[in-house]
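> Numbering (the working numbering), first residue to last: 44 to 275. Glycine is no exception: its CB is placed at the ideal position from the N, C-alpha and C atoms. Every value quoted in this text rests on a predicted model; they were computed, and no experiment measured them. Sharing a structure below in structure tokens format, with a few things to ask.
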């Protein structure tokens, strides 16, 4: 064990669960959150602890941070990961669902930053990674609310990186493309590699950003999308 602690939201399945496994394999103690009991089972498997909750609820974010501090007394790495908010045609998405998307995607990142920044300042640094989407870089009509708000997370990430870089706290975004945690095989032909990603590939990229392997990287949005985006 490294003595370091990774806090991961959305850890019940998919990319979040894969990142939990990857960070545990690198010697981090893991503190997990998701709305399902899957995160509790995974935490038990990895020797970690878990809180069942959702990213859009401030009380749940505070509870999982409090759990990490009560258990380990420090937080070195944070992965902010949530699922997609409700989809629909651009002007058919209700105000309520736009508000939900904002709470899930943008406010959850800001609220988590408020909670963990004092901890990381006190211990001399840390790393935060926000999982967004390739469609925050090249918007897609398939998930309008997601790409609108995740683009906002990229902006917040740069502002945060500038503000807290002098405190040795880094923040970056991981922008995954289509990944095998979802039934998206039909999109493989849209990528340069003609396949979708494995969750383990996304997890390794996230772990790079979460650890000192990327100690000189901050304020960036890393696309791990198999070449689906066209801009250079």
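1) According to the neighbour-count rule (16 or more other Cβ atoms, all chains shown, within 10 Å of its Cβ), is residue 75 buried or exposed?
2) Can you pull the DSSP bridge partners for residue 169?
3) What's the C-alpha gap between residue 200 and residue 229?
4) Can you say whether residue 45 is buried or exposed, counting buried as having 16 or more other CB atoms within 10 angstroms of its CB?
5) Please determine, among 237, 234, 264 and 233, the residue with the shortest C-alpha to C-alpha distance to residue 248.
6) Spatial neighbours of residue 92 within its chain, please: CB distance less than 7 Å, with the 5 preceding and 5 following residues excluded, ordered by chain position.
7) Looking at C-alpha atoms only, which residue of 238, 212 and 57 is the closest neighbour of residue 124?
8) Could you say which of 252, 104, 90 and 181 lies nearest to residue 157 if we only look at CA atoms?
9) Looking at residue 268 and residue 276, is the spacing between their C-beta atoms short of 9 Å?
10) Note the first and the last residue of the continuous alpha helix (DSSP H) segment covering residue 149.
Judging by the given coordinates:
1) buried
2) 212
3) 31 Å
4) exposed
5) 264
6) 74, 86, 110 and 114
7) 57
8) 104
9) Since the first and last residues shown for the chain are 44 and 275, residue 276 lies out of range.
10) Neither: residue 149 is in no alpha helix (DSSP H) and is coded neither H nor E.
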